[in-house]
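Worksheet: one structure, shown below.
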Amino acid sequence: MTQLKERWVFKELVTSGDDAQELMAYAIYKVKKNQLAETRRSQGWTEESIQDELDRFHEITLQVGLDDYRTKAQALFLEVTQGAAEHVTPFYQAEIEKLKKEHNDAIKRLKSQISDLRNNAVKHYMEKVDEYNLSQKTWKDRYLIRPVKWAFSGLPGIFASAFTLGVIVAVMGYFAGPEKRTLIISEGAKNVLELLAPNQVVPGLPESLDKK
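Mapping the sequence shown onto numbering that gives the first Met the number 0, position 132 (from 1) lands on 131, and the numbers just tick up by one.
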């Protein structure tokens, strides 16, 4: 007679020791089996009769009850995970808000640092431009503008006086007689040149006039 291969509910329900849902299905089976035994004991059954009842429960489970335990395990697993999620959500939500705040604060600090760097760069650039312009102004003022100003600061008055004197000499020479015209023009020319070049010997003039 061929002996039937013994089947175990655990092996039928649990294919992986890491699958929480399968382990939960087997746990439900064990709870039902224990509840049956306790019920029969409370009813006054003998231990032998209780064991026979548990063997029948075992066989019925293997034949028609496995899917029922899988379904119950799936529902219980979802309920547990949802409950756990609801329980831990406030904690993680607080952590999420904290991380968001830290992230936003970090972004604000970064933007502030970028703005400061940009402002400092612009300020540094403007300072360099001002320094360059100042150096150029100083160079021009030192080597070009200042000497020109110095050179021409007294010239308008000198030239105006010389021009006025020249006009007077010309008018006087025009109305003077021929014998005095040369003397007046020479004397006037000497006075004009004396204004333009003081204490200088004027060539071409009579020596007596030049030494006066």
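Built from N, CA and C at the ideal position, the CB exists for glycine as well.
Closest by C-alpha distance to residue i, when choosing among the options
i	options	result
L12	Y25, E94, D67, D115	Y25
H57	D129, A36, P89	A36
Q62	Y91, T163, E5	E5
A74	I183, H86, A19, N190	A19
V30	L53, E46, E186	L53
M23	T80, E126, S48, R39	T80
Local conformation of residue i per DSSP, three classes
i	result
V13	coil
Q42	coil
D115	helix
D67	helix
E37	helix
D51	helix
D18	coil
R108	helix
E101	helix
R6	coil
For residue j and residue i, the rounded distance between their alpha carbons
i	j	result
E78	R108	44 Å
T60	G43	24 Å
D66	I95	40 Å
G16	F76	16 Å
K32	V8	11 Å
E21	A72	7 Å
S111	A84	38 Å
I229	V87	Any answer about residue 229 is impossible in this case: the structure gives the chain only from 0 up to 211.
V124	L98	Before going on, a small fix: residue 124 reads as Tyr here, not Val. Taking the straight line from one Cα to the other gives about 38 Å.
K103	V128	Sequence inspection shows Asn at residue 103; the Lys mentioned does not correspond to that position. N103 and V128: Cα-Cα distance of roughly 37 Å.
E47	R40	11 Å
Y131	I167	52 Å
R220	E126	In this structure the chain extends from 0 to 211, so residue 220 is not present and cannot be described.
K10	T45	29 Å
Assigned exposure category for residue i - 16 Cβ within 10 Å defines buried
i	result
Y68	buried
I106	exposed
E101	exposed
Y28	buried
I183	buried
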